[in-house]
Every structure is written in structure tokens, then in C-alpha cells.
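Taking it in order: structure first as C-alpha cells, then the write-up.
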Amino acid sequence: MDEPHPLPSPEQDAALAPIIKLDLKRQVLVCTAKSCAANGSEAVLEAFRAQLAAEQLLFFKGNTSGEIHCSHCGSVGFCAIGPAVLIYPDGIWYAHVTVADVPEIIESHLKGGVAVERLVRKRLG
Ligand code: FES
């Protein structure tokens, strides 16, 4: 059996992926798989990105000081109750999220650290 391929060092990886060293506070994942997309998750994702960008909170290549990473993700099993929105490191999974809910999630949860309980359907940990 061959020797396992040696991993690059953390420093070598950080040179290739600078996001490693940035001070991200939270990650928002919005499911854009088939069922959630059919219930408007693409618009939910764009609403998160637009408001977070307007408030200089969104991390992206043009704003590496943004503290929140926001991305789409695949199905997590909330297909019948989506759009699903997952927030880490809190491990909070929201269901039935609409564009109208996005400002409340940003203000209460992402900025204030308080989950929007009426939409919480799962907690990890
Ligand atoms: S399609 Fe979004 S959780 Fe399954």
C-alpha cells in the first residue's frame, strides 16, 4: 500500500485560501436544492446577501473584513418544510424561511445572537 499523500502545512494552505485566517463570526447556509428552491430559497439567499452586503457584514472577495459568510447548500432533509437556513457555529436550523423573515434573522440572530424561535426546527449539539 502506498504511503498516504502528505498534507500541506496549515501555513501553505492559508497562502492558497486566505479565508482561513480571516475573522469570520458566522456562516449562513441557504438550501437551494429542488424543494427549497421551489419555495423561494434563491430569493431568500439573495435577500441575505443583499442586506449583509449593505451593512458591510458580508464576507466576499471585495469585502474580506465582512464577518459573515453566506452561501447556498444542498438538501439537508428539510425538503417538505423549506426553505431551510442553517446558521453556524450556533447549529440552528430554520425552516419555512421567507424573504420577509431575513431582516429579523439578521437583526436578532446574526447581530444580536438571539435565535428567531418561531422558525427554529433543529438545534445541533
Ligand atoms: S431541498 Fe432543501 S432541505 Fe431538501
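Residues in the sequence shown are numbered consecutively from 112, following our numbering. For each residue, glycine too, the CB sits at the ideal point set by N, CA and C.
Please state whether the Cβ-Cβ distance between residue i and residue j is less than 9 Å.
i, j, result
"Leu235", "Gly202", "yes"
"Ile216", "Tyr205", "yes"
"Pro117", "Cys147", "no"
"Leu54", "Ile198", "Since the first residue of the chain shown is 112 and the last is 236, residue 54 is not available in this structure."
"His220", "Ala211", "no"
"Ala144", "Cys190", "yes"
Does at least one heavy atom of ligand 1 sit under 8 Å from the Cβ of residue i?
i, result
"Ala154", "no"
"Phe159", "no"
"Gly193", "yes"
"Ser186", "yes"
"Cys147", "yes"
"Phe189", "yes"
"Cys142", "yes"
Who are residue i's beta bridge partners in DSSP?
i, result
"Arg232", "None; Arg232 has no bridge partner."
"His207", "His207 is not bridged to any residue."
**Asked** Three or more C-beta pairs closer than 8 Å, one from the segment 172-182 and one from the segment 124-138: is that the case here?
**Response** yes
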